[in-house]
Ligand code: URA
């Protein structure tokens, strides 16, 4: 077993293999995405379809190494049909740039595809209806790393109620494929609590180191000085 594999075994992540990605130009890949998007647009599985302006599917590079997962569309996202386009979205874009990516380099999606009225927290049954869509997006993108932004996304993806603080600066994994997952603050929280931007920056650096380690086959360093 290589050092790399031993490290992941030690932190509880079983070895995984990067699968071959289908070419985005093959009819199969295109129709998978198109079918999924049409299913989301037609979804009436929970009551949120009654109040939405439109569904908010996801945006970005469908072959991204990094997939960012938020909570649910807000007012602007519901209006424009794209995740993270409001003030929080502008901060998320700046966070993405801070680790050397453009918004178009990563794939961005939410747990819920419809806006909860008054931006209330998602209900368990809404998440249960919508998670299969997110899982299919993850299966199509095949990211190397997931970045969960905020308490709600982190709690649902990791099936935990632990504080966001205790989930930060750790390597988690998601789903049967055990896709590596890192947690950070939601940009809307950071707008209200700018002092925590320093911690978010450390999380982003951890994200960047992890992606580099995946590319170079070395071990990502956990930040021992995380604030
Ligand atoms: N907050 C989210 O979690 N997602 C969005 O798309 C917008 C705001």
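Numbering (our numbering), first residue to last: -16 to 210.
Glycine included, every Cβ here is placed at the ideal spot set by N, Cα and C.
Check: Quick one: Cα of residue 76 to Cα of residue 19, how far?
Finding: Each residue's alpha carbon lies about 25 Å from the other.
Checklist line | Cβ neighbour criterion (16 or more within 10 Å) applied to residue 120 | finding: buried
Note to self: Less than 7 Å between the beta carbons of residue 130 and residue 79, yes or no?
What the structure shows: The answer is no: Cβ separation not under 7 Å.
Check: Which residues mark the beginning and the end of the beta strand (DSSP E) in which residue 163 is found?
Finding: 162 to 167
Note to self: Measuring straight from C-alpha to C-alpha, what distance separates residue 156 and residue 31?
What the structure shows: 29 Å
Checklist line | Same chain only: Cβ atoms within 6 Å of residue 69, ignoring 5 sequence neighbours per side | finding: 57, 59
Next item on the list: Could you say if the region 82 to 99 and the region 34 to 49 meet the contact criterion of at least three C-beta pairs nearer than 8 Å?
Entry: yes
Notebook entry, point to check: Should residue 134 be flagged as near chain C, meaning a C-beta pair shorter than 7 Å?
Noted result: The chain labelled as chain C is not found in the depicted structure, where only one protein chain is given.
Next item on the list: May I have the straight-line CA-CA distance separating residue 192 from residue 35, to the nearest angstrom?
Entry: 38 Å
Next item on the list: To the nearest angstrom, report how far apart residue 9 and residue 16 are at their CA atoms.
Entry: With a pLDDT of only 48 at residue 9, under 50, the local geometry of the prediction cannot be trusted, and no value is derived from it.
Item checked: With 16 other Cβ atoms within 10 Å as the buried cut-off, status of residue 167 -> buried
Note to self: Taking 7 Å as the threshold (C-beta atoms), are residue 55 and residue 99 in contact?
What the structure shows: yes
Notebook entry, point to check: DSSP beta-bridge partners for residue 52?
Noted result: 92, 131
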